[in-house]
Amino acid sequence: MVLVFAESPRGILKKAAFEAVTYGKKTADLLGTSCVALTLGSVKNAGELGVYGASRVLNIADTAFEHFDSQAVAAAIATIAQQNGATVVVLSHTSTGKSIAGRLSVRLNAGLVSGVNSLPAVNGAALHVKKSVFSGKAIAEYQIDSAVKVLSLMGNAVKPEATGAAISVENASAGAKGRIRVKEVKTQEGIVPLPEAEIVVSAGRGMKDPANWGIVEDLATTLHATTACSRPVADSHWRPHHEHVGQTGIAIRPNLYIAIGISGAIQHLAGVNNSKVIVVINKDPEAPFFKAADYGVVGDLFDIVPRLNASFKKFKAGH
Amino acid sequence: MKLLVCISQTPDTTAKVSFKSDGKEFDAAGVQFIMNPYDEWYALVRACELRETLGGSVTALNVGPAANETTIRKALAIGADDAVRINADPQSAGFVAKQIAEYARSQNFDIIFFGKETIDYNGSEVGAMVAEYLDMPYISYASKLDLNGNTATLERDIEGGVEVLEVDLPFVVSAAKGMAEQRIPNMRGIMTARTKPLVEVAPVAFEDAAKAVQFTLPPAKAGVKLIDPENMDELVRLLHEEAKVI
């Protein structure tokens, strides 16, 4: 069977988990087997995993899992995988998944490919999967030959598909023994985190002053988008560190990336070039970002952005 | 304080990426190689800072061929006290992790540092594998690391925020932006790096079950469609009807 670890930050399953289960279900269909989901700790909406294709949902209710420790989580997933004869284990390629994927591959003696972005191809006992490499400049196809395979799924690579109905959750157990003591989790509530965002509105030095960000935030509000920024903006403390997208910041792959006043240095592109559609607004027609863009507007952003916002508002009102 | 920093060598950020042998292997011709930026800027520098305040030693470790010694000497110039090169082609994350774990197992390091990921394979896999082999806690994407006796306080980047945690030595950590500031090696560092010990170690056998078998370049962009700045309704229409993203 295919085992999916459905992560539940602060007790709630989110998009990453539904994407992983959708991917697990489709992989299970290709292999002619079933898809089982595992949740850890107290989870409010675990039964919903059935909607996205899990035929069983297991939960280990141990409160120790409420604080993340890669060692304890990897050990629990490995135990459940072995008890149930899993041949593929699917994780989300998130801060959680990245902390456990390597551990799990060692524990299960499994080949690992992290950050896969499409469904596997079955080739006898082997699986072939693809991922983006060289910071988006190439695609690598991997062959995994081990009896057990571990895959972590890149965010926004697969759309969650509701194909079934909510199911009841079965209790499972596995020892939780971590050594990390989580003291505090500080998150922005009410904002879709950048790696999960489908629309991102991002701005750079062309904004000239942090006081000018209102037009960017207004546009993001209209589009229900998450705001981001370039490195110089984060380094100058115009915007918070967690908004920085690019090579040293966060790598994202939204459906729509709107870059305002960002020249498009290669280090910035490395974090955003997997976006499905890129719109660039810049006064410099020679800005390198236009080469990576799908749509471009050359002009004064202080004039264009408010009018673009008005056009989106008009569109939203009519749809 | 005994610190290990695992450094990887990667193509420069601005390198043109191409492949040879029908897409079976990376074409290194004309490519400039560098120390993986996260390993250098954040992991190595933070390890050196800790050694400067608490004493002890920083060892830089690379799995790679003799040609990587330029990169290793740079780590020594930045501040590592000594270096180890495990003499093998770093063929996969699983292979590299096995080599590092086998070396580190008997060395009693207090902290084993990695960068958050390499800029070539972007896997973020090796640190977690080493931690599992050595039965140590692992903290990934750490943007802050302070030590008080045997206890470390770290901040870890998570989706939309940070997690603050404590852990006792020894542990494995991967470093992200915020943990330290990039250091440029000075002349004295470059001079002393030449005579610092660099030990070559033989690899252990390991067959990785996951192998990259084919590389391709992403489909070329069709080219930018420029929109009249006076007609933002048109951009919205295209995003809806053509790109279908709103």
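Residue numbers (the working numbering), protein chains in the order written: chain A, 1262 to 1580; chain B, 28 to 273.
By construction, the Cβ of each residue, glycine as well, lies at the ideal position given by its N, Cα and C atoms.
Asked	Found
Could you check where the beta strand (DSSP E) with residue 87 of chain B kicks off and where it finishes?	84-90
Let's see if you can read the secondary structure: which residues bound the alpha helix (DSSP H) around residue 1368 of chain A?	1356-1368
If residue 1532 of chain A and residue 1557 of chain A are in contact, beta carbons under 8 Å, what's the gap, nearest whole angstrom?	Not really, about 19 Å apart at Cβ, beyond 8 Å.
Contact check, residue 1340 of chain A vs residue 1278 of chain A under 8 Å by CB: the rounded distance?	Actually they are not in contact, since the Cβ atoms of residue 1340 of chain A and residue 1278 of chain A sit about 20 Å apart, beyond 8 Å.
Name the two residues that bound the continuous beta strand (DSSP E) containing residue 160 of chain B.	Counting along the chain, residue 160 of chain B falls outside any beta strand (DSSP E), though it belongs to the alpha helix (DSSP H) covering 153-160.
Where does residue 1432 of chain A sit, in a helix, a strand or coil, going by DSSP?	strand
Starting from the Cα of residue 1424 of chain A, find the closest Cα among A:1263, A:1269, A:1550, A:1284 and give me that residue.	A:1284
Alpha carbons only, please: which of B:68, B:165, B:93 is nearest the one belonging to residue 1333 of chain A?	B:165
Using 8 Å for Cβ pairs, my map puts residue 274 of chain B next to residue 35 of chain B. What's the rounded Cβ distance?	The question about residue 274 of chain B has no answer here: the residues shown for chain B are numbered 28 through 273.
So residue 47 of chain B contacts chain A; which residues on that side make the cut at Cβ distance below 7 Å?	Within chain A, no residue comes near residue 47 of chain B; the closest Cβ sits about 13 Å away, beyond 7 Å.
Taking contact to mean 3 or more Cβ pairs, one atom from each stretch, closer than 8 Å, check whether the region 1315-1329 of chain A and the region 1380-1393 of chain A are in contact.	no
Less than 8 Å separating the beta-carbons of residue 252 of chain B and residue 1555 of chain A?	yes
Of all Cβ atoms in chain A, is any one closer than 8 Å to the Cβ of residue 130 of chain B?	no
Can you pull the chain B residues whose beta carbon is under 9 Å from the beta carbon of residue 1553 of chain A, in chain order?	248, 251
Go through its chain and collect everything with a Cβ distance to residue 1508 of chain A's Cβ below 7 Å, but skip five positions before and after it.	1396, 1528, 1531, 1532
Nearest chain B C-beta to residue 1454 of chain A closer than 8 Å, yes or no?	yes
Of all the options A:1314, A:1575, A:1571, A:1280, which has the alpha carbon lying nearest to the alpha carbon of residue 1419 of chain A?	A:1280
Whole angstroms is fine: what's the gap from residue 28 of chain B's alpha carbon to residue 169 of chain B's?	19 Å
Among the residues of its own chain, which have a CB less than 6 Å from the CB of residue 1541 of chain A, if the five just before and after it don't count?	1520, 1550, 1551, 1554, 1557
If the criterion is Cβ atoms closer than 8 Å, does the pair residue 1595 of chain A and residue 1318 of chain A meet it?	Here chain A comprises residues numbered 1262 to 1580, so residue 1595 of chain A is not present and cannot be evaluated.
Please confirm whether residue 1569 of chain A has its beta-carbon closer than 8 Å to some beta-carbon of chain B.	yes
Let me know if residue 1359 of chain A comes out buried or exposed under the rule of 16 or more other beta-carbons within 10 Å of its beta-carbon.	buried
Rounded to the nearest angstrom, what separates residue 255 of chain B and residue 1487 of chain A at their Cα positions?	26 Å
At a CB-CB cut-off below 7 Å, which residues of chain B make contact with residue 1516 of chain A?	272
What does residue 218 of chain B touch in chain A if you count any residue whose Cβ is under 7 Å from its own?	Those do not exist, as residue 218 of chain B stays about 30 Å from chain A at its closest Cβ, beyond 7 Å.
Once you ignore the five residues that flank residue 1263 of chain A on each side, which residues in its own chain have a CB closer than 6 Å to its CB?	1285, 1288, 1289, 1296, 1349
Output the distance between the C-alpha atoms of residue 1452 of chain A and residue 150 of chain B, rounded to the nearest integer angstrom.	27 Å
If you run the structure through DSSP and keep just helix, strand and coil, what is residue 62 of chain B?	strand
Would you kindly report the start and end of the unbroken beta strand (DSSP E) that includes residue 71 of chain B?	Where residue 71 of chain B is concerned, there is no enclosing beta strand (DSSP E), given that its DSSP letter is neither H nor E.
Cβ atoms of residue 1559 of chain A and residue 1567 of chain A: under 8 Å apart, would you say?	no
Closest by CA to residue 246 of chain B, which one among A:1534, A:1506, A:1433?	A:1534
To the nearest angstrom, report how far apart residue 186 of chain B and residue 1322 of chain A are at their CA atoms.	23 Å
Taking the continuous beta strand (DSSP E) assigned at residue 241 of chain B, which residues delimit it?	237-243
Smallest Cα separation from residue 55 of chain B: which of B:63, B:38, B:138?	B:38
Alpha carbon to alpha carbon, what distance is there between residue 1570 of chain A and residue 1356 of chain A?	33 Å
Quick check on the burial criterion: 16 or more other C-beta atoms within 10 angstroms. Buried or exposed for residue 121 of chain B?	buried
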